[in-house]
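Colleague: Be aware that the sequence shown starts at 47, since it is given in the numbering used here, and climbs by one per residue.
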Amino acid sequence: MAISFISLALGVTNFLVHPRRHGNKLQHNEGEARKMYERWLLDNEKNYNGPGEKERRFMVFKDNLKLIETHNLVSNRTYELGLNQFADLTDDEYQSIYLGGKVERTSLSLEWEWDTSNRYRYKEAVPAL
């Protein structure tokens with residue numbers, strides 16, 4: 047799952063992310079990830095309604111944790127990722143809840159023309175008074 051939003055705080059709660067290193071690889075086993083999740087639930091005062099919701103959120107949390115670890119493995123990064131209050135949300139959920147829906151990336155196409163005063167201007171520009 048790609049997370050394109052900044053749903054993970056930069057350098058925050060570093061104490062939560064202390065996985066074992068095996069060479070250049072980070073690893074949390076299922077039990078460690080579960081303990082981190084339970085601690086994160088308490089720290090962020092999260093409670094879920096409905097059967098299976100807590101487990102579903104744990105799966106999202108694990109995906110986000112893996113993304114954090116993978117990102118932080120790269121040594122030439124200028125920032126680190128960490129867990130924050132959004133660590134149980136998917137990219138789509140975050141965008142829908144906090145950005146008012148899925149953000150579509152569009153390219154802005156502008157048409158320019160050479161005007162009589164020898165300069166470029168946007169065709170739809172408001173004429174000078």
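Ideal Cβ placement from N, Cα and C applies to all residues, glycine included.
Only a predicted model underlies this, so the values are computations on that prediction, with no experimental measurement involved.
1. Taking all protein chains shown into account, do 16 or more other C-beta atoms lie within 10 angstroms of the C-beta of I114, making it buried, or fewer, making it exposed?
2. Nearest by alpha-carbon distance to D138: which of N130, V106, L119 is it?
3. Hey, quick one: how far does the alpha helix (DSSP H) through A79 stretch, first residue to last?
4. So the alpha helix (DSSP H) Y94 belongs to, where does it begin and stop?
5. Touching or not, the stretch 121–137 and the stretch 90–106, by the rule of three or more beta carbon pairs under 8 Å?
Modeller: For this structure:
1. A residue is called buried once 16 or more other Cβ atoms fall within 10 Å of its Cβ, and I114 is buried on that count.
2. If we check each option's Cα against that of D138, V106 comes out closest.
3. Run containing A79: 76–89, per the alpha helix (DSSP H) assignment.
4. Premise fails: Y94 is in no alpha helix (DSSP H) and is neither H nor E.
5. As far as the Cβ criterion goes, the stretch 121–137 touches the stretch 90–106, which means the pair count is three or higher.
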